[in-house]
Each structure stands twice: as structure tokens, then as C-alpha cells.
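Taken in order, these protein sequences are the chains called A and B. For the first sequence, the positions run 1106 to 1510 when the working numbering is used. For the second sequence, the positions run 13 to 298 when the working numbering is used. Beta carbons: idealized from backbone N, C-alpha and C, even for Gly. Scroll down for the structure; my scribbles are underneath it.
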Amino acid sequence: MTVKPNSFRTGPDERGHFGIFGGRYVAETLMPLILELDAAYEAAKRDPGFQAELDALHATYTGRPSPLYFAERLTAHLGGAKIYFKRDELNHTGSHKINNCLGQILLARRMGKTRIIAETGAGQHGVASATVCARFGFPCEVYMGATDVQRQAPNVFRMKLLGATVHPVTAGHGTLKDAMNEALRDWVTNVESTYYLIGTAAGPHPYPAMVRDFQSVIGKETREQILAAEGRLPDVLVAAVGGGSNAIGLFHPFLDDDGVAIYGVEAGGHGLDVHNGHAASLTGGRPGVLHGNRTYLLQDDDGQILEGHSISAGLDYPGIGPEHSFLKDTGRVTYVPITDEETLEAFQLLTKVEGIIPALEPAHALAQVVKLAPTLDKDQIIVMNLCGRGDKDVFTVGKLLGFDL
Amino acid sequence: MSIPTHRPVTRIDAKVAAVKAEGRPALVTFVTAGDPDYDTSLQILKALPKAGADIVEFGMPFSDPMAEGPPIQAATLRALKAGQTMARTLDMVRAFRAEDDATPIVLMGYYNPIYSYGVDRFLADAKAAGVDGLIIVDLPPEEDEELCLPALAAGVSFIRLATPTTDDRRLPAVLANTSGFVYYVSITGITGAGSADPTRVAEAVARIKRHTDLPVMVGFGVKTPAQAAAIGAAADGVVVGSALVNVVRDSLDGEGRATAGTVEAVAGLVRALAEGVRSARPVAAE
């Protein structure tokens, strides 16, 4: 177990470790590039012009700050704590993914790269990557599992409209981890020209820290907004975790606030007792090494990676960002699984009670809010990250509910 | 940070010296353990040295082989589907060693199956089974404390990959804890993809040799006896992998099962490659 630190916000160390997690487990061909990226990101962080340009783009292109919304009817419906949503689903492209993509595209330009590659599961990161590539004039190639290409057809078309090339990946089982393998194979082949725009707070150092930093705008805004609205910090934060980027973005600015309880919600799929029937790496997996970092993984007894399952293509990943593994082992964040069924109910509830169609990813977080809110007092406050909108999921949900779309 | 280590002396060193005395490059052959099934794979393993392989690289299957092209990805899936595990891979090495105590065996693969097995337990079992070296694709020198230093302490060589992106500034770190030989990856890319240019390979090998006295074997993109001869002339040896697993694939029946010709097909290509390295003529004086 990792020793409890004085602060939860100091990681990673210079070699990219959060406790025993993280690191740089990559092929030698990539290692010089990883070191170059690390140096470039450190330099960008110290350059006030870099942050100023990112802030300006967020203000006028992304639509930041995203509102903090008091869900009055849902609060009354559940009859417990006050529920607020951080509305990152209102961002340009419909999710939190743009926060990270804008930061990394500015870095890629700064590094003189001429070609962008990305992996995507649900297609939200692919769409956000294709968007920033269109905005900055980069060719963009997106690797997407063939299974996901089928179940997320609207996002595939969006990416193509935006000028990206979408490569369906048939290797393995054709989902997000296979797309990431294929993106890594592209990168190792085109190292000089290519920037790999990883979509979540995972992968080799510096990606987990860098993506977290770009997503932390969520938590920083939330902190200011809740102080303005309530005059105090929330009692509870809730966010969905797939790779974990929206969650770490919300959580990180609050990690050292003892009074704030934090919940990360994993994809429980058909249930943790169903073999390979969920994508809950933290609550149903064990530590291992994949895609450049040590972290909790879904794997069999021989260390072979499992595919996992979730109703949501965006959570269907057998790993998790290494900082979440650290936060689990230190006990700072409580990780819980939510099943497909609970997610579908929460999805419909929010739509009917608040007039907001959430993506299936934050619908997992919402299902946890549904469980938590009635157990808390009416003067307590929950903030949930509503990290994506559900337009992309209406076909999936329609099929499950028996509608013929 | 790194504790001073000595280089383990294994069958690799004896074999490299013997091949050097013959005045030719070494032939290093890669096949995936358990491809297409346990019994056939063990027969292939035993046939390799008899057909002229000097050093055997045995791939430990992993579900997510990030540096491999389609041929070795497919071989990995065949092996896993046939039930290959780390324990079975070590069983095969043990069975091989019962008959051959001279041919070096290097296990090649990715870290997670070893981490899952347990590093100390793995090294003890591998050493006892007769493994001489390890090539672990996703463990760069930055992560030497994970497996490299324990392996050296256990008397198992840790063979590092050097690549076209490994510049002179980085080479000393890459070579520091390497033993047995250095594996030069001749292209930026995945296994079985492009073909290496012998002139550029010769330059790269010469560059690496300015930093080390270890032999340099060249792999990725060596497919034919002619390429083995041309690349071999510029190095201490060549590694052939994807071409061999493609021969396995081509020998299978409609259901993906081994046929009577599978083992002989692999041995046939190895014999031709062995002739290739024996016809190699050094291109540049060292």
C-alpha cells in the first residue's frame, strides 16, 4: 500500500510516479520522444503566453467557464443533499475532452510537429481532436476500434466532416485498448513528424500529469463557482472514471480539502461478479503495466489484459489513469461501480426531471448521486461533473429501451 | 540510483564467441511460444538450432503487443487461444534444455505477464529452466529497477533495444546495464514492417560499437536469406522473426491447426537463413 502523503497534490515525481503508479513503460524508439515532450511541456508551463493563449481560446472557442447549475428539481426529487452539476457538456464538441485537446494542440504546434494522431473509444476525444486539428490546420488520424466505429456512427461521421481520417482497428477485439495499441504503433513508426494526442490522464509520463493539468480547469472553476453560490466548499464530489480525465480534472483542486468527500464512479457493466462483464479496473482489477504506466488493470491470472464491458464505449477501457490508482490506495478517493442498468435509469431520470440528456459516462456518476443524495442532509452539497451530453448515445439507449430509430 | 552490477556470463557469451571464431554473423531466430499449439511449438523450438539458428528468441505471448506488426500479433493470438501461459512457456524451455545445453534462449516480450507472475519468482524459475537472457520491449533504462537490475543479480542477461532514435547522448544509458548483446532495431516502426537499408545499418552499428564492446544484432525488417546476408555483413548477427511466424501461419490448415508440414516449413526457412549468414562478407572494416 502507498503511504499516506502530507499532500495529495504534489505528484508525480520527476520520473512520473504517483506512489508506485505511473512511470514510463514504453519502447526505446519512443523514449527520446517522451523525454522531448516532457521538456516541452515543462517549458510551456513556465511560459505565461502559453496559458494566456489557452485561456483566450477557452473563453471564446470552448465556451468556458462552463456553468455550475443547481439541479433544483432533481434535488427535490431525491429529497436529500443539494445537487449541483458542473456543466462541461455545454462545451464546444459536447464534452470535457476539448479542455485537453486545446492544451495539447498548442503544445504540438510549439514543438513543431506536423501530424496529429489520437485514439478514441466513444468518439468524444476523436471529435475533439479532429476539431482542434481543423481549427489549427493539422492533418488528423484517429484510431478507433471497429466495434466502436459501429456503435458510435454519428461521431465517426463528425470526425470525417471535420477532415480527420478514421482508422477502424480490427486487431484484438476492436475497442479502445486496441485503438490505443494501434496509435502507439503509428507513433513508433512516425516518431519525427507526429504528435500523439492522448485523450485521457493515462499513458507514459508526462501524459497523466499533463492531461490532468489541462482538465483541472474544471475543478478550479467549480471551486470559485461553489464559493460564489454557497459561500463554502461542497461536501461531496462525484465524477465518472473511464481513463479518468474528467474526474481528475474535477478532483485535483480539492484533494487537500479534508472536508470534501470524493467519489469516482466506475463502469460496473453487468456487475463485478460477472467475469469480464465490467470495466471497473479499480474495484475489480489489480495493478499491472499497460500503455506506458503502472496502474490498476483488468487482467487474468496470467497477466493478459481483459477487454471489459460497459454500456458506455467511453468507459470501456481495461486501465485507469495512474493518479486514480494512487488516490484509491491512499484512500483519498472512494471508487464505486455502477451497473449498466443503474446507468440507464439515471439517464432517463435526468432527462425527465431536469431536461438534460446526459452522456452515458456521466449517467454513471449520476446513478451514484441518486444513491448518495437521500443519505445526506438537506444543507449538504454534492457537485457532480456532467462531463458530456447524450446526443451521441440516443441510438444506443433507444435500442436498449426498444425504440426503433 | 543504480547499484553497480557485473554482467552475467551465460550461454550467449560462449555462443557469440564461437560464431565470431567462424568469421560470420550469428543467426538469431524468433518464434512465439505456443504458436500454433504447445506440442508443435516445442518441436519448432527444438528444430531451430538443428536447422542453423545460433540463438533462440522465444516470444512470451501478451494480449497487447504494442511494438509488433500484424504477423507477430497474429502469432500471439494463436498462442493465447491455444492456452499458452507463462508457466507453459517456462515448461517448454525446460524441455528444450533437457536435450540442448548449448543454444542460448532469450525470452522476449512485455513486462505485464512477468509482473503478474512476480519478478523474483519469474527470475528464479526462468534461470532454473535454462533461460539466458531477456528482451522486454516496454522497459527502457528509466525503469531498470523493475526487472533489469534484479535480472542481472539473478545471472540473467538483460538485452536492450537500441533504435534509430537513440542518439549518442542517450546511448550510454541504454548500454549501461545491457549484457549478452545489443539488439539494434533497424527501423523506426513495428516488427515485420519495412526493410532495413544495409548501408544505414552499418553506420548505426559502427556508432553503437563506439560506445560498447558488446556484439550488436540487428532485427526488425530482416526477412530473406539475401537480407540476412546483407544486413549480417554489417553486424554481429541478424534477428529474423516475422518471416518465421508467417511461415507458421502459412502452414496451418483451414481451422488454424498445425499440419504435418509446419515444423519442417519453419526449419526450411531457418536453413536458408543460416546459409545466408554464412555467405555474408563484411562490408566495412571495424
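Own chain partners of residue i with C-beta closer than 8 Å, once the 5 adjacent residues on each side are dropped
i: Glu238(B); result: Reading off the sequence shown, one finds Ala at residue 238(B), where the question assumed Glu. Within the same chain, Ala238(B) has close Cβ partners Gly288.
i: Thr41(B); result: Leu60, Ala65, Ile67, Val68, Glu69, Val251, Val252, Gly253, Leu256, Val282, Leu285
i: Gln1485(A); result: Gly1185, Ala1186, Lys1187, Asp1340, Val1341
i: Thr200(B); result: Thr175, Pro176, Thr177
Cβ of residue i within 8 Å of any chain A Cβ
i: Leu151(B); result: yes
i: Asn258(B); result: no
i: Ile202(B); result: yes
i: Leu187(B); result: no
i: Val31(B); result: no
i: Pro125(B); result: yes
i: Thr224(B); result: no
i: Ser191(B); result: no
i: Val118(B); result: no
i: Ser14(B); result: In this prediction, Ser14(B) scores a pLDDT of 44, lower than 50, which makes its location untrustworthy; no coordinate-derived value is stated.
i: Phe74(B); result: yes
i: Ala79(B); result: yes
i: Ala296(B); result: With a pLDDT of only 48 at Ala296(B), under 50, the local geometry of the prediction cannot be trusted, and no value is derived from it.
i: Asp144(B); result: no
i: Val217(B); result: no
Min CB distance residue i to chain B below 8 Å
i: Glu1246(A); result: no
i: Met1136(A); result: yes
i: Gly1426(A); result: no
i: Asp1363(A); result: no
i: Asn1351(A); result: no
i: Arg1129(A); result: yes
i: Asp1407(A); result: yes
Cβ shell of residue i (< 7 Å), same chain only, five flanking positions each side left out
i: Asp112(B); result: Pro61
i: Arg1114(A); result: His1357, Leu1360, Asp1361
i: Pro77(B); result: Ile84, Gln85, Thr88, Tyr122
Beta-carbon spacing of residue i, residue j below 8 Å
i: Asn1351(A); j: Asn1196(A); result: no
i: Val230(B); j: Val217(B); result: yes
i: Leu1471(A); j: Pro1479(A); result: no
i: Gly1382(A); j: Gly1354(A); result: no
i: Val197(B); j: Thr211(B); result: no
i: Gly1424(A); j: Leu1402(A); result: yes
i: Lys1202(A); j: Ala1233(A); result: yes
i: Arg1192(A); j: Tyr1174(A); result: yes
i: Thr1444(A); j: His1375(A); result: yes
i: Thr1305(A); j: Gly1347(A); result: yes
i: Asp1283(A); j: Gly1250(A); result: yes
Under the three-state DSSP convention, the category residue i falls into
i: Lys1191(A); result: strand
i: Thr1400(A); result: strand
i: Arg9(B); result: Not covered by the structure: residue 9(B). The range shown for chain B is 13 to 298.
i: Asn189(B); result: coil
i: Glu1133(A); result: coil
i: Leu57(B); result: helix
i: Met1264(A); result: helix
i: Pro16(B); result: In this predicted model, Pro16(B) has a pLDDT of only 46, less than 50, meaning its place in the structure is not dependable enough to derive any value.
i: Glu69(B); result: strand
i: Ser1(B); result: Since the first residue of chain B shown is 13 and the last is 298, residue 1(B) is not available in this structure.
i: Phe170(B); result: strand
i: Phe1359(A); result: helix
i: Arg100(B); result: helix
i: Leu1481(A); result: coil
i: Arg1337(A); result: coil
i: Ala297(B); result: Here the model assigns Ala297(B) a pLDDT of 40, short of 50, so the residue's position is not dependable, and the following value carries that caveat. Of the three classes helix, strand and coil, the one that applies to Ala297(B) here is coil, per DSSP.
i: Thr1236(A); result: helix
i: Ile1210(A); result: helix
i: Gly1231(A); result: helix
i: His1182(A); result: helix
i: Phe1113(A); result: coil
i: Val1343(A); result: strand
i: Phe1319(A); result: helix
In DSSP terms, what residue i is bridged to
i: Met78(B); result: In DSSP, Met78(B) forms no bridge with anything.
i: Asn1490(A); result: Lys1191(A)
i: Met120(B); result: Gly71(B), Ile147(B)
i: Glu1224(A); result: Tyr1248(A)
i: Glu1371(A); result: Pro1442(A)
i: Arg1391(A); result: Leu1402(A)
i: Ser1200(A); result: Gly1493(A)
Cβ-based neighbour list, residue i, same chain, cut-off 6 Å, excluding 5 preceding and 5 following
i: Gly1121(A); result: Gly1127, Gly1128, Arg1129, His1310
i: Leu227(B); result: The amino acid at residue 227(B) is misidentified as Leu; the sequence shows Pro. Same-chain partners within the cutoff: Val28, Phe193, Asp248.
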